[in-house]
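This note's numbering puts the sequence shown at residues 58 to 365.
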Amino acid sequence: MLNPSDFIQESIEGMKNTIGDKKAIIALSGGVDSSVSSVLASKAIGDNLVAVFVDHGLVREGEAEYVEKTFQDRLNLISVDASEEFLDRLEGVSDPEEKRKIIGEVFINVFERVAEDVGAEYLVQGTIAPDWIESQGNIKSHHNLALPHGLVLEIVEPIRELYKDEVRIVGSELGLPDEIINRQPFPGPGLAVRIVGPITPEKIEICRKANAIVEEEVKKEGIEDSLWQYFAVLTNTRVTGVKGDIRDYGYLVVLRMVESLDAMTAHVPELPWPMIKAISQRITAEIPEVTHVSLSVSDKPPSTIEFA
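Here is the structure:
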């Protein structure tokens, strides 16, 4: 059984001994994993930790403002708007793995520039147990990362042995807001993995609006704490519809809502039908480009939680 107080003390002492008076950098996404890792590292090395929020143009609605508001008084925080750089590289790319690869490469380039500017020698990561178990990359906690232009950072992963529920317990012990602790996971590549097919500014806006509607209605229903993730996927399929008295030909959006403990498995629960109908009606009414909404009912396995 995890003792959060003991874990926090051991983690802080471990990072103090490892990093010392050197500078470290961490990517802060606003999710619970990076938030907990950032606060732990900040308690260990203070302002020698630089938390970096990178806006790749594929974040949730209001995400940049949310992260800055939540952490500007807690951490030594830098925000970088690199959306143009990311979206230029993603233009015309359809394959989901290629999207992930490109986003990873551009992110490392952006991150390296910041690391060089601040003189960082260590990289703190919010890796948790399912991350390395699913990738079968069971590597030791401290190892080196050679960045593209020669900068070498030693990696520190303070929560790599924890599962998501344990990370939330630690976050609560650290005094993080409930909204952060219980926030649903959001993929690192952002909306790129919720847009099937090529990414365009129009598709990003459609997907962002649809996701915001899903989040609003789930919270209105009061079931957000029972769901692991709840979101909308913009497919590359177009479906005939009728708006007013005029034939329309718009996008198909798929709703995905699952329960899980640690993301290793997940299942689709029975969902309130009036809520599903309300989401569908709002999406088709408020997003003119969408004509059809469907619901994904596949568990993990055989499906993954995200679509791509």
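Note that beta-carbon positions come from the ideal geometry of N, C-alpha and C, so glycine has one too.
No experiment lies behind these values; they were computed from the predicted model shown.
Quick one, are the C-beta atoms of residue 157 and residue 258 less than 7 angstroms apart? By 1-based counting over the sequence shown, the position of residue 157 is 100. By 1-based counting over the sequence shown, the position of residue 258 is 201. No, Cβ-Cβ distance for residue 157 and residue 258 is not below 7 angstroms.
Inter-residue spacing [alpha-carbon to alpha-carbon] between residue 209 and residue 122: For the purposes of this step, residue 209 is identified with residue 152 of the sequence shown, where counting begins at 1. For the purposes of this step, residue 122 is identified with residue 65 of the sequence shown, where counting begins at 1. Going from the Cα of residue 209 to the Cα of residue 122 covers about 31 angstroms.
Residue 82 vs residue 172 beta-carbon contact at 7 angstroms: Taking the first residue of the sequence shown as position 1, residue 82 is located at position 25. Taking the first residue of the sequence shown as position 1, residue 172 is located at position 115. Yes, Cβ-Cβ distance for residue 82 and residue 172 is below 7 angstroms.
Please work out which residues of its chain come closer than 8 angstroms, Cβ to Cβ, to residue 225, disregarding the five sequence neighbours upstream and downstream, and give them in chain order. Taking the sequence shown and counting its residues from 1, one reaches residue 225 at position 168. Within the same chain, residue 225 has close Cβ partners 89, 238, 239.
Would you tell me roughly how many angstroms separate the C-alpha atoms of residue 223 and residue 358, rounded to the nearest one? The residue you call residue 223 lines up with position 166 of the sequence shown. The residue you call residue 358 lines up with position 301 of the sequence shown. Residue 223 and residue 358: Cα-Cα distance of roughly 23 angstroms.
Where do the N-terminal and C-terminal ends of the beta strand (DSSP E) with residue 275 fall, by residue? Stepping through the sequence shown from its first residue, residue 275 is reached at position 218. It is not in any beta strand (DSSP E) - residue 275 instead sits in the alpha helix (DSSP H) that spans 258-278.
Please list, in chain order, all residues of the same chain as residue 356 whose beta carbon is under 8 angstroms from its beta carbon, the five residues on each side excluded. Here residue 356 refers to the residue found at position 299 of the sequence shown. Excluding residues within five positions, the ones whose Cβ falls inside 8 angstroms are 315, 322, 323, 324, 325.
Taking 6 angstroms as the limit between beta carbons, can you name the residues of its chain near residue 294, skipping five residues before and five after? The sequence position of residue 294 within the sequence shown is 237, counting from 1. Same-chain partners within the cutoff: 309.
Starting from residue 328, trace the alpha helix (DSSP H) both ways and give me its first and last residue. Position 271 of the sequence shown holds residue 328. It is not in any alpha helix (DSSP H) - residue 328 carries neither H nor E in the DSSP assignment.
Under the rule that 16 or more other beta-carbon atoms within 10 Å means buried, what is residue 249, buried or exposed? Your numbering for residue 249 matches position 192 in the sequence shown. Per the 10 Å Cβ criterion, buried.
Opposite residue 143 in the DSSP bridges: which residues? For the purposes of this step, residue 143 is taken as the residue at position 86 of the sequence shown. According to DSSP, which records beta bridges pairwise, residue 143 is partnered with nothing at all.
Rounded C-alpha distance that separates residue 320 from residue 187: In the sequence shown, residue 320 corresponds to position 263, counting from 1. In the sequence shown, residue 187 corresponds to position 130, counting from 1. The alpha-carbon atoms of residue 320 and residue 187 are separated by roughly 7 angstroms.
Strictly by DSSP, which residues pair up with residue 309? Counting from 1 along the sequence shown, the entry for residue 309 is found at position 252. DSSP lists 349 as partners of residue 309.
Cβ contact (3+ pairs, closer than 8 angstroms) linking the region 96-110 and the region 170-185: yes
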